[in-house]
Every structure is written in C-alpha cells, then in structure tokens.
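Structure, as structure tokens:
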Amino acid sequence: MTRKIALSMLAACSLLNAGGYKVPEQSADSLGLLASNVAMSFGADAAYFNPANMMFLDGRHYFEGSLGWFHIGELKFKNDNGKSYKSENFDSLATTFSFVSSEYYENWRFGLALAVPAAVGMAWEDADTAFTGKRFKLQVVELNPTVAYRINDSLAVAVGARAVYSKGKVASDFGSNGYRELEGDSIDYGYNAALSFRPIENLSLAATYRSKVDMTIKGDATGTFNGALRAINYSGAAKVQIPLPAQLVLAAGYKISDFTLLLAYERTYWSKFKGYDFEYSNKNAAQTNSRLAGYFNRLMDDPVNRKYSDSNTYRLGVAYDASERLRLMAGFAYDQDVSSARNTGLELPNTTSRAYSFGVNYKISEALEVALGYVYQDRHQKRAENIPNGQSSTMSGEFGRGAIQILATSFKYNF
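Here the working numbering is used: the sequence shown runs in plain steps of one and ends on residue 628.
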C-alpha cells in the first residue's frame, strides 16, 4: 500500500490545480495576481491561462521567460500519543516560457506555453513517518500549444493541446523489515478550451476548461526485505492508471481608471478520483501464493480506495498602473480541501489554504519589460487518520500549519 500511496502522487500533483499544492508559478504576473489573470492578460502568459485573450493583445509578437524559486517549509505532525515529527524543507528552481504570435492570418493567433505546474518534495526521517513517506520528489512539465480565433471585436475563442510529462522518485523505510524505492514517469495528453467576451470596453468575462488527463504512470520498483521476507523481494516494472480531474474556471475583469480588478472561480472535479490499483508484471510465486503473500500485499499491492470531493478555489487580484512604466500587483486566494482525514497522508497532506501575493512589472522600453512576483501560502491545520506506520499498525494525529513560498522573475520581449 505504501508504494501505491507514494506513486499515486506522481499523477495527483501533475494537474496545475491539484488538490495538494495548488500554486501558480508560470510567470511573475500570475504570481503577483495569484492566477486571477484569466479574464484579462498583460502579456504572453495569456497563452497558458486564457489563450482566447491573445486576440485582445496588440498586434506584436510576445515572448516571456521566467525563473522561479519554490520552497516548502518544514511541516509538523503530532501523533495522538503525544509524539511529534517534522518533515524537511524542500527547495526547487523552475523555468517557464510563453509565446504569442502576431496575426499571421487575419483573426487568428497562435500561442505556446512551457509550464511547470508542480514541483513537490517531502521527506520524513523518523521511523514512524519514514514507513510511508521517507522520500518523495516530483517534477511535472507541460507543453501547451494553442490557437485563438476572433469571432468579432467583442468575442474570441481558443483551443489547445496538453502534453504532460511527469517524473518522480519515492522511497519508504520499513525499518528491520526492509526498504523500497521507486522511480516512474509518464507522458499523457489532454486538451483545453477558452472563451473571452468583452461586452463593453473595460469589462471582460471569460471561461476556460482543462480536460481530464488519464495518467498512465510506469516505473521501476525495488523492494528489498530482510529475514524470512526475502522471498518476496521485488525488482521489476510497476504501473498504475489514475484520472486527473477536469477543471473549469469562470472569471471576470474590470478596468477603472488606473486599476484593474480580477476575479476567478475554479472548480476542480476531484470526485472522479475513486482510487487506484497497481500492476506488477514480475511477481513470483512467493508474492502471490505463499504464506508470505499477505506481507507483499500489505506493503505493496493492496488496492487503495479514495473518496475525494470536488473543490473550489476563489481568486482575487488587483493591478495598479502607478505610471506609464510601473505596474503594481496584489492577490488573494482561498483554496478548499479535497480529502477527509482518512484520505490524508504524509506524502501530500491536503488541506484548506489561503494565499497572499504581490508583484511589480517595470517597462524598460517599448520592447522590453521585467517583472517580479511573490506568493505566500498559509496551509491550515489538518487531522489525518490511519496512516500506516508499521506492517499492521497505523497512527492518527494532526498536521500543524504549513507554508509554501514562491518567488519568480520574468523577462518580456515584444516586437
């Protein structure tokens, strides 16, 4: 079961708005506005957040490259028996890219985005916590080409393709019983669609949709056990299929004087996720038919049932044109939890969160801009129940408050 819990996160985190660490890090603007920049866009990141908005940019080409720092602070877990544990800090760097073409053909524009929707790492060293969460590291890269069409001066639509590559590594320490490690990756596909409507000059209404992506994670698993359990040692292939839920975003933007107000509502359809079951293609007789098969099942092969709920996220952003060259940004987001206490583990402790952000964009010239964005996410306390901490034992307790920080800088070139 422990391997299943960990490898499942390779899929669960791949979605930009996964229920675990839902944080925008595709551009400095999206950080400064906490991804509320859906109904209105300021540059090339429209290719990712709402490609229909490409038709409302001026007729130039837009390029944008970003470098971001992602930090997960240590997280504390207090067992009901009074014992406390804490995870290690995690830091990662990520680069992203966006491009919007000019109108090569009248009323048509093309976009391309290279995004890093997830970069997650958790590590627990204590024996009780290392049983399921000694190491977990994941990186996800998404390539998203899009095309937009202007129906009239007020209405534009867009469609795109999603190619998602996920790569991760997990490990668990079973103490005197042994150790296991797994690496896996996957390339999977989906689509996205978008619409922008501007009934009056300063008002924009938008809707975007990202399809469900069926992740087929394949990897190499190694389970090394001690004593009598050596008979169930495993070295070979493992795979699992997990559906990533669809996502709908409804957004509005209104510009009044030097201020732009942005609102976004996200609905992520996590209720489609019911659980997962691994397939091991190299199992031997000891792992399937012997008296030790039960140990193999409990440690590696029992089906995992999950009952997630659809989740909502509410985003608010404000941009202020302080001058012709300087734009200031701020944002707030409230993100609902997707799982109950019985469906929360050490690898990715889902919880309700609030996020706060600020950003600045400076126009060096008509062709060149630089931006900086920062997000602080406050993750609430969360109860967790029946976390495996031994072959036949579990623990329950409470995660303390946690924090995630992201800092990114973007360079923009238009011609």
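All C-beta atoms, glycine included, are put in the ideal place defined by N, C-alpha and C.
Counted as a single uninterrupted DSSP element, the stretch harbouring Tyr508 is not any beta strand (DSSP E) but the alpha helix (DSSP H) occupying residues 506 to 509.
Looking at the backbone, the Cα of Asn502 and that of Thr309 are separated by about 49 Å. Scanning Ser553, Asn556, Asp550, Ala584 for the CA closest to the CA of Met542 turns up Ala584. The C-beta distance from Ala580 to Tyr533 rounds to 23 Å, too long to meet the 8 Å contact threshold. Per DSSP, the beta bridge partners of His284 are Asp304, Gln618.
Beta-bridge annotation (DSSP): Phe269 is not paired with any residue. Residue burial is scored here from C-beta neighbours: Asn250 has at least 16 other C-beta atoms within 10 angstroms and is therefore classed as buried. Inter-segment contact for the region 262 to 269 and the region 279 to 293 is absent: fewer than three beta-carbon pairs are separated by less than 8 Å. Taking all protein chains in view, the Cβ of Ala450 is surrounded by fewer than 16 other Cβ atoms within 10 Å, so the residue is classified as exposed. Per DSSP, Asp366 has no beta bridge partner at all. Contact between the region 535 to 552 and the region 268 to 277 is absent: fewer than 3 CB-CB pairs across the two stretches fall below 8 Å. Rounded to the nearest angstrom, the Cβ distance from Ser524 to Trp483 is 6 Å, consistent with a contact under 8 Å. One thing to note: Ile600 has its Cβ no nearer than 8 Å to the Cβ of Leu539.
Closest option to Leu418, judged by alpha-carbon separation, among Ala252, Arg614, Glu611: Ala252. Per DSSP, Tyr318 is not a residue of any alpha helix (DSSP H), being assigned neither H nor E. Restricting attention to Tyr527, Ser379, Tyr493, Ser522, the CA atom closest to the CA of Ala464 is found in Tyr527. Counted as a single uninterrupted DSSP element, the stretch harbouring Tyr521 is not any alpha helix (DSSP H), since DSSP gives it neither H nor E.
As DSSP reads the structure, Ile413 sits in a beta bridge with Leu416. Asp242 sits in a helix when the DSSP states are folded into three classes. Residue range 426 to 438 is occupied by the beta strand (DSSP E) that includes Phe438. Taking all protein chains shown into account, Glu479 has 16 or more neighbouring C-beta atoms within 10 Å of its C-beta and is therefore buried. Contact between the region 301 to 315 and the region 380 to 398 is not established, with fewer than three Cβ pairs separated by less than 8 Å. C-alpha of Tyr378 to C-alpha of Glu355: approximately 6 Å in a straight line. Bridge partners of Thr309 according to DSSP: Ser279. When C-alpha distances from Ile430 are compared across Ala369, Tyr489, Leu512, the shortest belongs to Tyr489.
When secondary structure is reduced to three states using DSSP, Leu512 falls in the helix class. Every unbroken stretch of the alpha helix (DSSP H) spanning 4 or more residues and falling wholly within the region 476 to 502 is given here in chain order: 498 to 501.
Inclusion of Thr565 and Phe612 in the CB contact set at 8 Å is not warranted, their separation being larger than that value. Taken in chain order, no unbroken stretch of alpha helix (DSSP H) lies wholly in the region 356 to 403 with a span of 4 residues or more. Under the criterion of beta carbons closer than 8 Å, Ala376 and Val313 do not qualify as touching, at roughly 19 Å. Straight through space, the alpha carbons of Ser448 and Leu246 are spaced by roughly 47 Å. For Thr607, the enclosing beta strand (DSSP E) starts and ends at 607 to 612. Note on Ser243: 16 or more other CB atoms within 10 angstroms of its CB, so buried under the neighbour-count rule.
Ala257: not part of any beta strand (DSSP E); DSSP gives it neither H nor E. When the five nearest sequence neighbours on each side are left out, the beta carbons in the same chain lying within less than 6 Å of the beta carbon of Lys380 are those of Gln352, Asp398, in order along the chain.
Contact annotation, Tyr298 with Thr342: C-beta distance approximately 5 Å; criterion of less than 8 Å satisfied.
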